[in-house]
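Working notes for the structure below.
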Amino acid sequence: MKITVAGAGYVGLVTSAGLAELGHQVTCIDIQREKIDLLQNNRLQIYEPGLRHLLAKNLQNGKLVFTVDPHLAYSNTEIIFIAVGTPEKSGGSVELKYIHEVAQQIAHFIENDVIICTKSTVPVGTNDLIKQIIENQKAPTLRAEVVANPEFLREGSAVHDFFHGDRIVIGTDNLEAASILKKVYQSLDIPVIITDIRSAEMIKYASNAFLATKISFINEIANICQKVGADIEEVAFGIGHDKRIGPDFLKAGIGYGGSCFPKDTKALLGIASGVEHHFDLLAAVINVNNFQQSLPVLMAKEAIGSLQGKKVALLGLAFKPETDDIRGSASLRIVNELLTEGAIVRAYDPAAIPNAQRVLGDTIEYAYDLRFALHEAELAIIATDWAQIKNAPLEVYPSFMKDPIIIDGRNCYSLKEIQKHSLTYLSIGRRCIFKDSLIDDKKILHFKEEGSYEDCHFH
0 MKITVAGAGY
10 VGLVTSAGLA
20 ELGHQVTCID
30 IQREKIDLLQ
40 NNRLQIYEPG
50 LRHLLAKNLQ
60 NGKLVFTVDP
70 HLAYSNTEII
80 FIAVGTPEKS
90 GGSVELKYIH
100 EVAQQIAHFI
110 ENDVIICTKS
120 TVPVGTNDLI
130 KQIIENQKAP
140 TLRAEVVANP
150 EFLREGSAVH
160 DFFHGDRIVI
170 GTDNLEAASI
180 LKKVYQSLDI
190 PVIITDIRSA
200 EMIKYASNAF
210 LATKISFINE
220 IANICQKVGA
230 DIEEVAFGIG
240 HDKRIGPDFL
250 KAGIGYGGSC
260 FPKDTKALLG
270 IASGVEHHFD
280 LLAAVINVNN
290 FQQSLPVLMA
300 KEAIGSLQGK
310 KVALLGLAFK
320 PETDDIRGSA
330 SLRIVNELLT
340 EGAIVRAYDP
350 AAIPNAQRVL
360 GDTIEYAYDL
370 RFALHEAELA
380 IIATDWAQIK
390 NAPLEVYPSF
400 MKDPIIIDGR
410 NCYSLKEIQK
420 HSLTYLSIGR
430 RCIFKDSLID
440 DKKILHFKEE
450 GSYEDCHFH
C-alpha cells in the first residue's frame with residue numbers, strides 16, 4: 000500500500016521504517032528540513048537500537064522516502080499515519096497545535112479517498128476533532144475516514160516492539176477501514192483489537208497509567224522494606240510469581256521518566272478532572288514518583304552531611320538505558336537538587352550527553368568514560384541502569400573514587416558482590432553496606448515519614 004507518515008520523531012521513524020520493512024511504499028514527512036536532509040542520508044538525531052539499519056535498508060531499496068513537501072506526501076496516498084508530537088503544556092494538559100496543523104494540511108492536499116490513522120497519543124475525543132477539521136476543509140467529493148491506532152513502542156526496544164508487540168489497537172466504527180488497517184499489519188503475528196475510537200484513545204492512557212501505578216506501588220513497598228528490614232528484590236520476586244500480578248514493572252528504583260509516562264499520567268488526570276472525576280489513585284502515583292526521583296539526594300545528605308563543594312559522579316542521564324532521551328529523566332531533578340546543595344557534578348552517559356548539554360549547558364561536567372566520571376569523586380549516584388554501569392567491575396569505584404560511597408538508584412548490583420569490596424553502598428529497599436565492615440542483617444536504613452534518612456542503626 001501507499002502510506003504516508005506525518006512526523007519524523009521516535010514514533011514516526013519507527014513506524015515508517017517498520018511499515019517499509021513490511022513491504023509498503025512509505026513516505027515520511029516532517030516540517031523540519033534539516034532533519035529530513037539528515038534522514039535522507041541515513042543520519043539519525045535519535046539513538047534507538049536497530050533503527051539505523053532498518054532505515055538504511057529501506058532507503059536503499061526505495062521503499063522509504065523522506066520529504067518536506069506536503070503535496071508529494073499527501074496527494075497520492077492510501078493511508079496517512081499521524082505521528083506528530085503532543086507535548087505537555089504548563090499545567091499538564093496536552094498541546095494539540097501540531098495535530099491541528101497536520102489535519103489542516105492533510106485536508107488541503109489530499110486528492111483521493113484516504114484513511115487517516117492517529118498514532119500520536121491524544122486526549123479522548125481528539126480523533127473526532129481531527130475528523131471535523133478534515134471534513135470542514137477537504138474537497139466535498141473526497142472521503143476521509145479517521146481511525147485511532149495508538150502506538151505501544153518502548154524507547155530502547157521500539158523496533159522490536161513494532162514487529163513483536165502485544166497487541167494492535169484499531170479504533171473505528173467503520174468496518175471497511177478496520178479491514179484495510181488489518182491488512183496493513185497482516186504479516187505481523189500480533190493480536191488485533193478492534194474497538195470504537197474513544198475506547199482506543201483511552202486504552203493508550205490507561206495502559207501507561209497502570210504501568211506507572213505498578214512502578215510507584217513497588218517503590219512504596221521498597222520504602223516500607225527499608226524500614227522493616229525486608230529486601231524489596233525478594234518481595235518483588237515473590238509477588239511477581241502471582242499470575243494476576245506478573246513480574247514486569249516491579250523493579251524498585253528512583254521512579255519512571257521519559258516522554259510518555261509523566262506526560263500521559265498528567266494528561267489522564269486532566270481528562271478525569273475535565274469530567275469532574277477525582278482520580279486520587281493516579282494523583283498519588285505522580286506524587287510518589289516525584290518524591291522517588293529526589294530520593295538519591297536525600298540519601299546523600301543523610302550519608303555525608305553537607306554536599307557543598309562535594310564532587311559527585313552522576314552515572315546515567317537518559318531516563319532509561321538504550322536511549323538518548325532525557326525527557327522526564329530522574330537525572331535532571333537530581334542534577335538540579337545537587338547544584339542547589341552546592342555539589343560539583345560530573346555526569347556519565349554513553350548516549351544522552353548531547354541532549355543533556357542542550358538542557359543543562361555547562362552547569363555540570365560530562366564524561367564519556369565511566370572511570371573519568373568517578374575520578375576523585377566523593378559520591379557516586381547511579382541514575383540509569385545502563386549495561387556499561389551494571390557490568391562495570393566493582394573495583395572501579397575504590398580505584399578511582401576518593402572514599403567510595405555509592406547511592407544506587409536502580410539496584411544494579413547484588414549485595415553479595417558489594418560486600419566483597421571496600422565500599423559504602425546504599426540502594427533502594429535493601430540493606431545498607433558500609434566500607435570496611437560487613438553489615439549485619441538487622442542493620443537497616445530507616446526511612447523517616449517526611450522522606451529523609453535516619454542513621455543506620457541496630458534495633
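0 is the number of the first residue of the sequence shown in numbering that gives the first Met the number 0; add one for each residue after it. Built from N, CA and C at the ideal position, the CB exists for glycine as well. Quick caveat: nothing in here was measured; it's all calculated off a predicted structure.
Listed in chain order, the alpha helix (DSSP H) elements of length 4 or more contained wholly in the segment 2 to 29 are 9 to 20. Contact check for I133 against I114 fails: the beta carbons are separated by 9 Å or more.
Contact fails between the segment 227 to 234 and the segment 299 to 316, because fewer than three Cβ pairs, one in each stretch, are under 8 Å apart. Per DSSP, reduced to three states, the secondary structure at K434 is coil, with no helix or strand assignment.
If you check the CB distance, E110 and S74 come in under 9 Å. The beta carbon of I30 sits closer than 8 Å to the beta carbons of V67 from its chain, once the five residues preceding and following it are set aside; these are given in chain order.
Contact between the segment 208 to 221 and the segment 286 to 293 is present: 3 or more CB-CB pairs across the two stretches fall below 8 Å.
Straight through space, the alpha carbons of A176 and L141 are spaced by roughly 15 Å.
Residue pairing for D407: DSSP places it in a beta bridge opposite I381. Nearest to D324 by alpha-carbon distance, out of A72, G155, D407, I129, is G155. DSSP places Y97 within a helical segment (H, G or I) once states are collapsed to three. Inclusion of R153 and P190 in the CB contact set at 9 Å is not warranted, their separation being larger than that value.
One thing to note: K118 has its Cβ no nearer than 9 Å to the Cβ of G22. Rounded to whole angstroms, the gap between the alpha carbons of V284 and H107 is 42 Å. In the displayed model, A302 falls within a helix according to three-state DSSP. Contact between Y412 and L425 is absent: CB atoms are separated by about 11 Å, not below the 8 Å threshold.
The bridge partners DSSP lists for A205 come to none. When DSSP states are grouped into helix, strand and coil, V121 belongs to the coil group. In the three-state DSSP reduction, A366 falls in the strand class (E or B). Contact check for L314 and Y347: beta-carbon distance about 5 Å, within the 8 Å limit, so the pair qualifies. Between the alpha carbons of Q136 and V146 lies a gap of roughly 18 Å. Taking C-beta atoms under 8 Å as the contact rule, D368 and R409 fail to qualify, at a distance of about 20 Å. For V183, the uninterrupted alpha helix (DSSP H) run begins and ends at 174 to 183, by DSSP. For E144, the enclosing beta strand (DSSP E) begins and ends at 143 to 147. Per DSSP, V83 lies in no alpha helix (DSSP H) segment and is marked neither H nor E. Annotated three-state conformation of I217 is helix, per DSSP.
By the CB criterion at 9 Å, A329 and V93 fall outside the cutoff. For I169, the uninterrupted beta strand (DSSP E) segment begins and ends at 167 to 170. In the DSSP assignment, R345 falls outside any alpha helix (DSSP H) and within the unbroken beta strand (DSSP E) covering 343 to 347. The Cβ-Cβ distance between V64 and T26 falls below 9 Å. The three-state reading of DSSP puts I417 in helix, counting H, G and I together.
The continuous alpha helix (DSSP H) containing A271 extends over residues 260 to 273.
DSSP places T194 inside the beta strand (DSSP E), whose first and last residues are 191 to 194. In the three-state DSSP reduction, K137 falls in the coil class, being neither helix nor strand. Taken atom to atom, the span from the alpha-carbon of E340 to that of F278 is near 35 Å.
Boundaries of the beta strand (DSSP E) around T66: 63 to 66.
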